[in-house]
Every structure is written in structure tokens, then in C-alpha cells.
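All remarks here apply to the structure that follows.
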Amino acid sequence: MDDRIGRLRHKHHNIKPRSAAAQDGSNIKLLDCDLGIENHVTNIKSHSAAAQDGSNIKLIECGLDIENHITPEILDEIQNVGNVYRLSAPMGHVDSHAPVSSLVNCLEASHMEEPDIKMNKEMSGQGGAKDHESSKDSSKNVMPTDYFSKEPTCNSNVQKLACTIGDVLIVDDLFAARSVVDKLQGEYRHHVHACDTEVADIDVKKESPVGHGRVICFSIYCGPNTDFGNGKTCIWVDVMDSNAELLGVFKSYFEDPSIKKVWHNYSFDRHVLANHGITPAGLYADTMQLARLWHSGRKGTGGSYSLESLTSDIEAMNGVHKWDRKTLMKKTSMMDLFGTYKIKKDGTQGSIKFIPPVEELQTSEALRDKWICYSAGDALCTWRLWESLHGQLSKRHWIFQDKVQGSMYTFYDKYWRPFGELLVEMEGHGMLVDRPYLAEIEKVACKEREISIQRFRRWVGEHCCYANYINVTSDAQIRQLLFGGFYGVEMCRSFKVPNIDGYIEEGKKAPLKYRSINICGIGKKLPCDLFTSGGLPAVSMQALRNLAGKVSVDYLTADDEEPFIPGEADAILTSAGAQGSQKLDDLHQEDLSAYGQAYSAFGGGHEGKEACRAIAALCEVSAIDTLISGFIQPLQGGDIIGPDNRVHCSLNLNTETGRLSARRPNLQLELRLLAHLANCKSMLEAFKIGGDFHSRTAMNMYDNVKKAVDRGDVLLEWEPKEGEDVPPAPLLKDVFASERRKAKMLNFSIAYGKTARGLSKDWKVSLKDAQATVDLWYKDRHEVRDWQEMQKMNARSMHCVHTLLGRARHFPRVSGSEFMSGRIERAAINTPVQGSAADVAMLAMLELWRNKELKELGWKLLLQVHDEMILEGPSDNAPYAKDLVVKAMSHPFDGKNILRVDLAVEAKYAKNWYAAK
DNA sequence: TATAGGCGCGCC
DNA sequence: AAAGGGCGCGCCTATA
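The first sequence runs 1 to 917 under the working numbering.
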């Protein structure tokens with residue numbers, strides 16, 4: 001099936017499982033476990049070797065004792081490359097294999113990427129055999145020139161395809177089907193089989209393949225050294241309509257776990273086949289995941305990991321076996337093959353292409369052959385892509401725990417292949433959702449939303465005649481209204497909005513669907529301290545809150561009786577006094593300090609309050625919107641609910657750092673991993689002691705805070721004990737609130753590579769002051785700085801960094817100035833942290849999934865959301881299952897915990913998600 | 001009128 | 001010159 005699905009389905013990723021209530025009568029409970037990574041100190045040390053490209057000397061110069069770790073294979077590779085890698089140890093950390101892994105990647109890069117860069121140039125230019133000759137000696141991967149010809153050598157559409165109709169055995173009767181299955185499961189059972197289905201009755205943009213879609217044909221290719229009759233190597237099976245029974249003939253084949261099957265985006269095909277009662281087994285590889293592991297940062301439109309995109313990519317196909325390259329053809333898209341222009345009424349050709357329904361392609365006499373080639377070509381391309389990526393990943397060393405564990409293909413076999421199966425199972429299993437309950441919630445939320453909108457419009461109406469037309473969810477319109485005329489926002493601007501009350505424009509007879517309105521600034525200069533990256537005043541929740549203050553929306557009583565005293569508030573606020581506010585509070589039993597910056601901007605008093613309340617109402621709308629569109633609606637959407645009435649998410653591994661796109665890693669976890677990766681003594685200790693991490697950070701940053709803590713003047717944190725209702729001393733977070741706030745900000749920012757420059761902008765302090773604060777943070781965390789410098793150096797010299805498990809993220813080779821922009825440096829710092837968090841979460845999931853006892857007890861992994869796992873199972877054995885889960889999760893490294901310190905796991909069980917929280 | 005890309009935002 | 005990572009969504013604009 002077309003692989004665009006992987007990309008188009010991303011709508012479902014956003015499902016926020018947090019709101020899902022699994023309810024299944026009385027028998028189901030959720031086990032909710034927090035995976036907290038305790039401060040496991042391991043001997044993985046931050047390495048400090050940097051390799052730089054030198055010139056033509058074969059030399060490894062190295063201040064570290066790394067030779068011992070270099071395997072003969074690696075040495076062989078090093079010596080086969082005529083470049084120099086100079087390893088130095090600027091920072092004093094030694095004893096690490098990271099340099100080796102970096103070196104290996106660097107070496108690979110040298111004989112994989114460089115030649116390709118040249119060849120790419122040739123392709124865009126004249127491209128000839130001569131040019132290739134010249135680059136031959138620098139590369140052992142020089143390919144025949146015809147491999148690079150992007151344009152097919154003949155004009156017929158059919159021959160543009162990866163195979164021709166003559167290569168394809170068309171199976172459309174029982175006899176042929178049985179004979180093919182016999183060969184597949186007999187003679188060719190040890191081959192690698194690439195499979196692909198074509199599916200009708202599904203809208204991949206909207207629907208989950210779980211419970212949607214019908215297979216109309218499929219194709220199988222198991223390598224060039226096969227013959228299914230008359231030298232035909234591709235199999236194409238028609239299972240549409242009257243041929244539907246043929247699918248059943250292949251059931252045993254698809255379900256045979258001993259046959260190695262390769263798919264591109266396995267998830268889709270597997271779910272669709274499941275709709276026909278077939279449970280495919282024997283997953284050998286998913287080429288989409290292989291490609292993600294091979295290179296995590298593919299960009300571009302049309303689905304960077306689509307079969308089409310990958311098979312068109314010279315680098316991706318670089319590992320295809322030599323004798324295949326000559327005949328290699330990329331997959332051609334459906335649009336290119338079958339897209340036709342609509343003919344307009346006047347007979348001219350339109351500009352919009354459309355593709356006939358797949359059933360039509362298959363039955364139309366004119367198109368059928370082309371369709372068969374297209375479909376069969378998918379299996380062929382998948383097979384070749386697998387061959388290529390298998391070859392390439394097999395050449396990359398996988399280094400983990402200071403040892404070469406095998407190749408990155410070993411990594412795939414060990415982790416991502418089973419993880420892929422696990423994810424597909426989770427998707428298929430889905431989650432029972434209390435839809436009536438959600439519907440009720442939605443009703444209430446919408447009602448409150450409407451009230452808040454009205455509240456806001458009422459206020460807008462005093463300043464703008466289009467109050468009813470304004471789209472309150474449009475940041476552009478809100479920005480125009482609040483800041484028009486200031487901060488570089490023009491005074492007035494027109495917007496196209498739905499014509500809700502049938503306004504008829506001048507000169508028109510009937511109302512149009514849309515009309516334009518002119519939104520002007522309210523004319524008061526509101527203070528603004530937050531700006532968007534584009535330099536415009538921000539209208540984010542935080543920005544709005546600054547304006548509104550902490551006031552509640554106060555829907556019903558808009559304090560109409562409140563006497564309006566002009567100037568009153570100005571006096572109060574400019575005296576900026578706690579006393580001033582206090583006085584007023586006494587007068588009105590109201591805390592005026594709750595009002596935000598809009599209060600005085602509107603002259604205080606009634607106007608000021610109204611402005612604050614209106615803006616607060618806007619905040620309310622925004623909050624409700626995130627709730628509704630974030631999860632209340634997606635969880636009820638018919639498109640993801642299968643016939644089993646369960647919600648089926650789409651879980652993708654398709655992110656740069658390797659985390660699931662449906663999941664949201666918890667920052668604390670990431671901070672812990674940073675502590676671990678950098679082997680930062682101070683942070684590890686802070687986590688070990690527990691308590692308020694940010695307060696502790698503040699204490700370590702500021703001497704006066706530390707002294708106050710030491711003297712017992714303030715408490716780092718306080719847990720009420722029996723008989724105590726007041727802390728024996730004030731808390732740090734109250735006394736040194738601003739210090740703690742800064743510490744907290746830094747804790748969250750540093751892991752992402754935020755610079756002093758960025759902080760100075762945020763805090764509106766000088767660069768120098770910001771830098772000083774950052775330095776304070778690093779004061780007792782110098783290991784973090786060293787580690788970050790290491791990562792940056794690796795990114796610069798090796799063009800990649802690694803996660804805990806040894807997955808690489810590659811960076812493009814860019815010029816020095818581009819590198820200096822910092823984007824890559826920041827990613828280099830962040831990826832090991834985010835990516836390692838993803839690694840650990842994956843390991844924990846695999847551990848649970850593989851646990852036989854849990855399976856026998858009837859417990860299934862439902863979802864994983866940030867650092868939590870959610871399982872579902874029978875309540876009678878829940879306490880026991882909980883213990884099993886804790887045990888499994890605290891030993892996520894193949895049933896062991898290779899870390900020096902325990903992984904702390906908290907687990908709870910409850911009837912549903914809400915109860916667990 | 002449909003679609004793609006840019007931007008701003010919320011979330012972790 | 002800019003300097004916070006990645007992701008998904010909704011709005012807006014340009015384009016055909």
C-alpha cells in the first residue's frame with residue numbers, strides 16, 4: 001500500500017491519552033506506573049576525544065588509551081581510508097569508547113557521503129562516465145553511471161516502473177495461488193520476502209487502518225534468484241471482489257512466523273490484513289523504521305520516509321547489491337503514473353490532477369497492466385530498499401556500554417524490530433474510551449467556552465464594531481485588537497471571516513460566504529513583555545495572563561454596582577505598594593493586586609477591571625480549546641474508533657530523536673538523564689536526596705541562599721508531619737522565590753541548549769548579567785558543561801551524536817558559519833538527552849511486552865505517555881501484576897539493570913485513568 | 001475553492 | 001545575524 005499513510009496519519013498522534021478512561025465494566029483496571037530514573041551512576045563517562053579531518057597521512061594520534069578498544073575490524077577500516085583522524089583529549093576525561101564510535105561514523109561518512117556529494121553534482125550537471133572515473137580512486141562505492149540516471153531510458157509509462165509486466169506473475173485463480181504459496185513456503189522459505197498490499201475503502205487522511213480498509217491486491221518479491229514460472233520473479237495477487245477467497249489461500253503464508261517478511265510501514269498493512277482475519281507474523285524488517293535508524297533527519301515534502309522518496313535517494317539505495325544497480329528503478333508515485341488532468345467544461349485541460357479510485361485502476365482494461373506493475377514494483381522496491389539499508393546498517397558499528405555490540409542492524413534486530421511489533425500490537429489493541437462521559441465533558445466545556453467568548457465579545461464591543469465577527473482563536477486577530485498601533489503592529493488590518501449574519505456587501509445581491517472586517521487596535525497602549533520569534537507582541541496564554549492578572553473570569557457579576565472612580569487605580573498602582581493595595585482591599589474586600597497590567601493601562605477602576613476580566617475570559621477560551629481539540633474530540637472521533645469501539649492511536653517512531661511522536665517525555669526524566677550522561681556529581685546527588693530539585697539548584701547557585709539554608713533560616717522543602725501544620729521555618733521557595741525561579745528556568749533551559757543571550761532577552765537583563773547567572777548554574781555542574789562541549793565537538797567533527805543506547809543522529813555537513821548559527825550545536829546537546837529518554841522508555845516497554853507472566857495474567861500494555869506506562873488487565877490479580885511491572889521496569893536492560901543504582905518505579909492501579917491520577 | 005507553507009502556540 | 005529541542009494543530013496567506 002502506498003506509504004504516504006505514515007505521514008498523513010499523523011493527525012492521530014496528537015491523541016492525548018491522558019483523558020482516556022478505560023472502562024470495561026468492572027473487570028478492567030489500569031495500572032499506572034511512573035518510571036522515574038534514579039540517579040544511576042554508571043561508568044559511561046563523557047568522552048572527550050575529538051576527531052578532525054586532516055590531510056593525507058595515515059595516522060591515529062591519540063592521547064587516550066583507545067587503541068585497546070579498537071577492534072581489528074575497525075582498525076582495518078581506518079587503514080583503508082586515506083584520511084587522518086587526530087584524536088585529542090582537551091578536557092581530561094578518558095576511558096571511553098565514544099571516540100571509537102565517532103571515529104567509525106566518521107569513517108563511514110568519509111566513504112559514503114563524500115563520493116555521493118560529488119555524484120550529486122554530476123547528476124545535476126552533465127553527469128558522465130568520465131567524471132566518475134576521476135572520483136573512483138577516492139571511493140570504493142563508485143557506481144555504474146546508469147544507476148544515477150534519474151530519467152528512465154524509455155518513454156513508455158509502464159517501463160518507467162521498477163519492473164515490467166513481463167516480470168510479474170499474475171495470480172488470479174485458486175490453482176495459481178496454491179502453487180505460489182507452495183513455492184513461497186517451500187523452495188523459497190529461506191529467502192527474504194518483501195510484501196505490500198493495495199487497499200480500498202479507506203481515507204488514510206482520516207481513518208485508522210484498524211477496522212478500515214479492504215485489501216484488493218498484494219505483491220510479493222523474494223529476491224532476484226527466484227522463478228515463479230517463465231522467469232517471473234514478482235508475484236501479484238488479485239484478491240478483489242470475486243477473487244477475495246484467494247486471500248485466504250495466503251493466510252497460512254502471511255501467518256507463518258518462520259518466513260522473513262519485509263514491509264514498508266508494516267503497521268498499515270498489518271492492520272488492514274487483520275481486517276480480513278489475517279494476523280501477519282514473521283516480521284523481519286520494516287524499511288521505514290530501518291530508514292529512520294539509518295538517517296533520522298530526512299526532510300522534505302511528500303513524506304521523507306515514503307518508499308518513493310527513499311528509493312529515489314542515491315544514498316539510501318547506496319547499499320544495493322552491485323548487479324542490481326543497473327536495473328534499479330525507483331518507485332514511481334501514483335500521481336505520476338495515474339494522475340490525469342480534469343477536463344474543464346470548455347474543453348480545456350484543468351490544472352488539478354486526480355487519481356481514479358484504486359478499484360478502477362485494477363479493473364480498467366487500459367490501466368490494469370500499469371497498475372499491476374505499480375503494485376508489484378512496491379514489493380520490489382521494498383526488497384531493494386531493505387537490501388540497501390541492511391547492507392549499510394550492517395557496516396555501522398553499534399557501540400553501547402563501551403563495547404562494540406555488533407552493527408546497527410543488530411541494534412534494529414534487538415530493539416526496534418520487536419519495538420515495532422509492540423507498537424503495532426498496541427495500536428491494534430487500542431483503548432476503550434468512555435465516550436458518553438467524554439461527550440458530556442465536551443458539552444460542558446463548549447458551554448463554558450461560549451460564555452467566555454460572550455464575555456470577551458461584550459468587552460470588545462465597546463471598542464470595535466465587529467466584535468461578533470472576531471475569531472477569538474486567531475492569534476493574529478487578537479494581536480491586532482490588543483496591540484494595533486503599537487509595538488510595530490499596524491493600527492488597522494482587515495481579516496476575512498465567515499459571514500455569520502448574512503451581511504450583504506455593497507453592490508451585491510446575496511450574502512457571500514466570507515466578508516472582510518477591519519480590526520483596529522483598542523487605542524490603549526498595553527504593556528507587553530513577551531514577543532514572538534518574529535518580533536510581534538505575543539498573545540500566548542502567558543502574555544494574556546500578564547495583562548489580565550490572576551482575576552477569574554467572573555461571568556455573572558461583572559461588578560456593575562462597583563463605583564467607577566477614575567484615576568483611582570493609577571494612584572494605587574504607581575505607589576506600587578503592598579500598602580496601597582491593602583488599603584483598597586479593605587475598602588472593597590477585593591484584592592486589586594490580582595489585576596494585571598491591563599488594569600492600569602485602562603485607567604484602573606471599572607474600565608481596568610473589565611479589561612482584565614475580558615482578557616481573562618480570552619485565556620479561558622484558549623484553555624478550553626486546548627482541552628477540546630486536544631483530546632476530548634480526537635478521542636471521540638469516529639475515524640480512530642474501530643468496530644470494537646476502542647480508540648486506536650497511531651504510534652510512530654518517526655522523530656529525529658527517536659522518540660514516539662505520540663508520547664511526551666517528561667522533563668524531569670530528561671534532567672535525570674542529563675545528570676547521568678554528563679555524570680554530574682552535583683545533579684546526581686540532588687536526585688538521590690530527592691525533594692525539591694529546583695530549590696536545591698537555587699541553593700547551590702547562590703551563596704547567600706546556601707548560608708540561609710545552612711543556618712536553618714529557610715527550609716529547602718517541607719513535608720508536613722503529624723501534628724505540624726506550619727513549617728518550623730520559612731521555605732526557600734517563598735523567601736528566595738526569584739532565585740528559585742531562575743534556577744528552575746535554567747534547569748529547564750540548559751538541557752535544551754539555551755544560551756545566555758536567549759536568557760538575557762527573556763529576563764530583560766544584560767547579556768553580562770544573564771551570563772553570570774548561567775555561570776552560577778554551572779558552578780557546581782562543570783561536568784555538564786564539559787559534556788555539552790563534547791557533544792558539540794562531536795557534532796562538528798563527526799557530524800553526529802549518540803544516545804545512551806548508541807543510536808546516532810547525523811547532522812548535515814554545513815559550512816562553518818552555518819554551524820555557528822548554533823542550531824546544530826543545540827540539537828547536539830539536546831538529542832542525547834531526549835533520545836536517551838526515548839531509549840529507556842522503549843526498553844521498559846519491551847520489558848513489559850515480553851513478560852510472559854504478565855501476559856498470562858491477562859495484562860496488556862495500552863499506552864505510554866511521557867514517563868508513564870499504562871497497562872490494562874483483570875482486577876483480581878492487579879496487586880500481583882503491579883509488582884511484576886515494577887520489577888520488569890526497574891530492570892529494562894534485558895531483564896537486568898546494568899546501572900549502578902536502582903531504577904525507581906512507582907506503580908498504581910485503579911479503575912480508570914482519572915482514578916489513578 | 002483546495003492546497004501548501006509560514007507562523008504562533010501549547011505540550012512535554 | 002541569531003542565539004530553546006521536537007511535535008502537532010489551527011489560522012492566515014499565497015498560489016493556481
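Virtual Cβ for every residue (Gly too), placed ideally from N, Cα, C.
Are the segment 694-707 and the segment 732-739 touching, with three or more C-beta to C-beta distances below 8 Å?
yes
What does the Cβ neighbour count give for E620, buried or exposed, with the cut at 16 atoms within 10 Å?
One-based indexing of the first sequence puts residue 620 at position 620. By the 10 Å Cβ count, E620 comes out buried.
With distances taken from CA atoms, which of S375, A598 and R646 is nearest V215?
Taking the first residue of the first sequence as 1, we reach residue 215 at position 215. Closest by alpha carbon: S375.
Along the chain, which unbroken stretches of the beta strand (DSSP E) at least 3 residues long are found entirely within the segment 810-898?
860-865 and 868-874
Once DSSP output is grouped into helix, strand and coil, what is the label at D396?
Residue 396 sits at position 396 when you count from the first residue of the first sequence. Looking at the sequence itself, residue 396 is Arg, so the reference to Asp does not match. Coil, per DSSP.
6 Å Cβ shell around D336 - same chain, five flanking residues per side excluded:
Mapped onto the first sequence, residue 336 falls at position 336. For D336, where only same-chain residues beyond five positions count, there are no Cβ hits under 6 Å.
Bridge partner(s) assigned by DSSP for A200
In the first sequence, counting from the first residue as 1, residue 200 sits at position 200. BP columns for A200 point to R214.
Of all the beta strand (DSSP E) runs that stay within the bounds of the segment 240-285, which reach a length of 3 or more residues?
260-263
Same chain, Cβ closer than 7 Å to I165, neighbours up to 5 away in sequence not counted
Residue 165 sits at position 165 when you count from the first residue of the first sequence. So the list reads V158, D369, I372 and C373, once near-sequence residues are dropped.
Between L481 and K414, what straight-line distance do the alpha-carbon atoms span, to the nearest angstrom?
Mapped onto the first sequence, residue 481 falls at position 481. Mapped onto the first sequence, residue 414 falls at position 414. So the alpha carbons of these two residues sit roughly 56 Å apart.
Which of helix, strand or coil DSSP assigns to M798:
The residue given as residue 798 occupies position 798 in the first sequence. Of the three classes helix, strand and coil, the one that applies to M798 here is coil, per DSSP.
Among V204, G213 and D227, which residue has its Cα nearest to the Cα of D182?
In the first sequence, the residue the question calls residue 182 occupies position 182. Selected option, being the one with the closest Cα: D227.
Bounding residues of the alpha helix (DSSP H) (the contiguous stretch that carries C446)
One-based indexing of the first sequence puts residue 446 at position 446. That run of the alpha helix (DSSP H) goes R435 to V460.
Measuring CB to CB, does W777 end up less than 8 Å from A770?
Taking the first residue of the first sequence as position 1, residue 777 is located at position 777. Taking the first residue of the first sequence as position 1, residue 770 is located at position 770. Against a cut-off of 8 Å, the Cβ pair of A770 and W777 comes out as no contact.
Can you tell me whether DSSP reads Y374 as helix, strand or coil?
Sequence index remark: in the first sequence, residue 374 carries index 374 (1-based). Helix, per DSSP.
Okay, do the segment 626-644 and the segment 256-267 touch, 3+ Cβ pairs below 8 Å being the bar?
no
On the three-state DSSP scale, how would you describe Y599?
Taking the first sequence and counting its residues from 1, one reaches residue 599 at position 599. In the structure shown, Y599 sits in a helix (DSSP, three-state: H, G or I).
Roughly how many whole angstroms lie between the Cα atoms of L857 and V424?
For the purposes of this step, residue 857 is identified with residue 857 of the first sequence, where counting begins at 1. For the purposes of this step, residue 424 is identified with residue 424 of the first sequence, where counting begins at 1. Each residue's Cα considered, the two are about 21 Å apart.
Sequence-distant residues of the same chain with beta carbon closer than 7 Å to T279, five excluded per side
As a working note, residue 279 is residue 279 in the first sequence. Result list for T279: E255, in chain order.
Is it true that the CB of K260 sits closer than 8 Å to the CB of H212?
Reading the first sequence from its first residue, position 212 is the one you call residue 212. Reading the first sequence from its first residue, position 260 is the one you call residue 260. Going by C-beta atoms, H212 is not nearer than 8 Å to K260.
Helix, strand or coil for I220? Go by DSSP, reduced to three states.
The sequence position of residue 220 within the first sequence is 220, counting from 1. Strand at I220.
Do E387 and G319 have their C-beta atoms closer together than 8 Å?
Here residue 387 corresponds to residue number 387 of the first sequence, with the count starting at 1. Here residue 319 corresponds to residue number 319 of the first sequence, with the count starting at 1. Yes. Within cutoff.
Between which two residues does the alpha helix (DSSP H) holding I750 run?
Position 750 of the first sequence, counted from the first residue, corresponds to residue 750. Taken as a continuous stretch (DSSP letters only), the alpha helix (DSSP H) holding I750 covers A737 to I750.
F175 versus N652: straight-line alpha-carbon distance, rounded:
As a first step, residue 175 must be located in the first sequence, where it is residue number 175. As a first step, residue 652 must be located in the first sequence, where it is residue number 652. Roughly 39 Å between the two C-alpha positions.
How big is the Cα-Cα spacing for Y466 and Y514?
Here the question's residue 466 lines up with position 466 in the first sequence. Here the question's residue 514 lines up with position 514 in the first sequence. Y466 and Y514 have their C-alpha atoms some 14 Å from each other.
I'd like to check one pair, A617 with V553: are the Cβ atoms closer than 8 Å?
The sequence position of residue 553 within the first sequence is 553, counting from 1. The sequence position of residue 617 within the first sequence is 617, counting from 1. Yes; because the gap between Cβ atoms is below 8 Å, this pair is in contact.
Beta-carbon within less than 6 Å of C612's beta-carbon, same chain only, minus the 5 sequence neighbours each way: which residues are those?
Here residue 612 refers to the residue found at position 612 when the first sequence is read from its first residue. Closer than 6 Å at the Cβ level, and outside the excluded window around C612, lie A548, G549, V551, Y595, G596, A598 and Y599.
Please tell me whether P537 and R479 are closer than 8 Å, where the distance is taken between their beta carbons.
Residue mapping note: residue 537 aligns to position 537 of the first sequence, counting from 1. Residue mapping note: residue 479 aligns to position 479 of the first sequence, counting from 1. Yes, the pair counts as a contact, with Cβ atoms nearer than the cut-off.
Limits of the alpha helix (DSSP H) - the one that D238 falls within:
Numbered from 1 along the first sequence, position 238 holds the residue referred to as residue 238. Unbroken run through D238 is the beta strand (DSSP E), C234 to D238; no alpha helix (DSSP H).
Close beta carbons around S134, own chain, < 8 Å, minus the five adjacent residues each side:
By 1-based counting over the first sequence, the position of residue 134 is 134. Confidence in S134 is poor, its pLDDT being 29 and thus under 50, which makes the residue's placement unreliable; the coordinate value appears in the next sentence. Closer than 8 Å at Cβ, skipping near neighbours: no residue.
Give me, in chain order, the residues of the same chain whose beta-carbon lies closer than 6 Å to that of I829; leave out the 5 immediate sequence neighbours on both sides.
Here residue 829 refers to the residue found at position 829 when the first sequence is read from its first residue. Same-chain partners within the cutoff: G753, Q788 and Q791.
Does G484 pass the burial test, meaning 16 or more other C-beta atoms within 10 Å, or should it be called exposed?
Sequence index remark: in the first sequence, residue 484 carries index 484 (1-based). With 16 or more Cβ atoms within 10 Å of its Cβ, G484 is classed as buried.
For Y909, which of helix, strand or coil comes out of DSSP?
Position 909 of the first sequence holds residue 909. Y909 falls in the strand class under three-state DSSP.
S138 by DSSP, collapsed to three states: which one?
Stepping through the first sequence from its first residue, residue 138 is reached at position 138. At S138, the pLDDT of 30 sits below 50, so the modelled position is not reliable; the number obtained from the coordinates is stated separately. Collapsing the DSSP output to three states places S138 in coil.
Would you check if the distance between the CB atom of Y253 and the CB atom of L307 is smaller than 8 Å?
Position 253 of the first sequence, counting from 1, holds the residue named residue 253. Position 307 of the first sequence, counting from 1, holds the residue named residue 307. In this structure, L307 does not lie closer than 8 Å to Y253 by Cβ.
Quick check: D238 and D167, are their CB atoms within less than 8 Å of each other?
The residue given as residue 238 occupies position 238 in the first sequence. The residue given as residue 167 occupies position 167 in the first sequence. Taking 8 Å as the Cβ cut-off, D238 and D167 do not qualify as a contacting pair.
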